[in-house]
Structure formats: C-alpha cells, structure tokens
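Here's the structure we're looking at; comments come further down.
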Amino acid sequence: MSIQNLIKTNTTTITATKWVSSLLLFTLLSFSAKAAELEASVSVSPVGDFVAEIKDFSAQAKVNGDSYTADRFNIPWSSLKTGMSLRDKHALKYVNAEQHPNIEVLQSLGKGGKGIAKIKFNGIEKVVRGTYSIQGSNLIANFSIILSEFNVKDVSFKGAGVKDEVKVKMTVPIAGK
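Those letters in the sequence shown? Residues -35 to -1, 1 to 142, per mature numbering (1 follows the signal peptide of the UniProt record, and there is no 0), in order.
Given below as structure tokens:
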C-alpha cells in the first residue's frame, strides 16, 4: 500500500473514530440526564398506606427571573407502579387510563416557594396549588389532589377504600443546572 493510500485510510479511520466517539458521548449525556418522577402517597382505610410511582417521564422546569415555569408535559399512566401488579391494574381502571393515558400538566408557575399548576386528569382540568423547594438541580413540588374532583370515586377493593385526598410529590429537573 502506498503512503498516500495509507494516509487516506488512516484519516478515514480517525474521522470515523471521532464520529463514533462523539455519538457515544452524546448518547451517554442524553441518558444521564435526570428524568422527572412522581410519587403519590395514598391512604387506604382501614389497612394502611402505599406510594404509587411514575418515573422517567420528560419534564423540565425553567428559571425565569425569581420564578420557575414548566412547559406542558405528560405523565404516562403506563409507567404506574404501586408495588403490587393487581393494585396497578385496579388503579389504572379507576383513573380511566385506557381513555386518558396521561396526566397532563398544562401550565405551571412557582415563585417564593409556592406554586400553581393547571392539570388535566381523567379528562377534567383543574388548578392545583402547592409548595416547592429547590434541591440541587431539581425542583420538588408538593401538592394534594382530591380524587372525586377528577371523577375518581368509590375506589375500593375487598372492603379497603382509598381516601379522597392524595398527596403528591413531583421531582422535576431544572434546565441548565
């Protein structure tokens, strides 16, 4: 092989290696970004409580002066985990997940530790209010929802009933942090 062909082959190999390295770095950075997650504390009478989780959905808070906003995002019911597959199945039925596969956060704004958001749950839009804090690169929002306000009623199984108020904790990464 001539020196010119060897140089051409090595240049192509180096260029391909740089491209593959860049692609690998981009992929690693994409997957290392924190996804949002939601935890709902559910009280069941008379048997106790459980936490329902929905993890790894896309949402991001943005800093806007001294306030925080988040663009519209969806929280997929398909990722719901309660720790028991039968309970997952029943929960999805009660929230009409087949007809309404997502909880939609339509608008949100936080300032001074207090927040407000317009959500769509089970096809019904409501405004919820709560508090938030900043922990590292995340905004942690805490609020309650009243299930009956979203037409989720009489949730029970074998004599154990879910209380109407559900406490929600949502962790959302902050852009640029």
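Beta carbons are placed, not taken as given, at the ideal position from N, Cα and C, and that holds for glycine.
From a predicted model like this one, the values you see are computed outputs, not experimental measurements.
When the options are compared against residue i, the one with the closest alpha-carbon
i, options, result
"E4", "K134, A140, P138, I139", "K134"
"A35", "T136, S43, Q72", "Q72"
"N61", "K132, A17, N116, I99", "N116"
"residue 225", "I111, A106, E130", "With the chain covering -35 to 142 only, the question about residue 225 has no answer from this structure."
"S43", "M49, R37, D53", "D53"
"E130", "I110, A56, K27", "I110"
"V9", "V137, I139, G141, V120", "V120"
"R37", "L74, V127, G101, Q100", "L74"
"G77", "G30, A24, L57", "G30"
"S23", "Y33, N39, I99", "N39"
"F122", "T136, K27, H55", "H55"
Rounded distance between the beta-carbons of residue j and residue i, thought under 8 Å
i, j, result
"E69", "I84", "7 Å"
"Y59", "G80", "Incorrect: roughly 26 Å between the Cβ atoms, too far for contact."
"G95", "F108", "3 Å"
"L45", "A17", "6 Å"
"P41", "P66", "6 Å"
"E15", "T47", "Strictly speaking, residue 15 in this sequence is Phe, with Glu absent from that position. With 8 Å as the limit, F15 and T47 qualify as a contact, their Cβ atoms being about 6 Å apart."
Outcome for residue i when other beta-carbon atoms lying within 10 angstroms are tallied against a minimum of 16
i, result
"V92", "exposed"
"A125", "exposed"
"A140", "exposed"
"P138", "buried"
"L112", "buried"
"N103", "buried"
"V127", "buried"
Continuous alpha helix (DSSP H) stretch holding residue i: start and end
i, result
"L3", "No alpha helix (DSSP H) holds L3; the beta strand (DSSP E) holding it covers 1 to 10."
"L57", "50 to 59"
Opposing strand residues paired with residue i [DSSP bridges]
i, result
"V117", "According to DSSP, V117 bridges with nothing at all."
"L112", "None, per the DSSP bridge assignment."
"D36", "Paired residues: none, contrary to the question."
"S98", "I105"
"Q72", "K83"
Residue interval of the beta strand (DSSP E) (run including residue i)
i, result
"I139", "Run containing I139: none; DSSP gives neither H nor E here."
"K128", "Where K128 is concerned, there is no enclosing beta strand (DSSP E), given that its DSSP letter is neither H nor E."
"G124", "Premise fails: G124 is in no beta strand (DSSP E) and is neither H nor E."
"Q64", "That residue, Q64, is in no beta strand (DSSP E); it is neither H nor E in DSSP."
"residue 190", "This structure gives no information on residue 190, because the portion of the chain shown stretches from -35 to 142."
"K27", "26 to 29"
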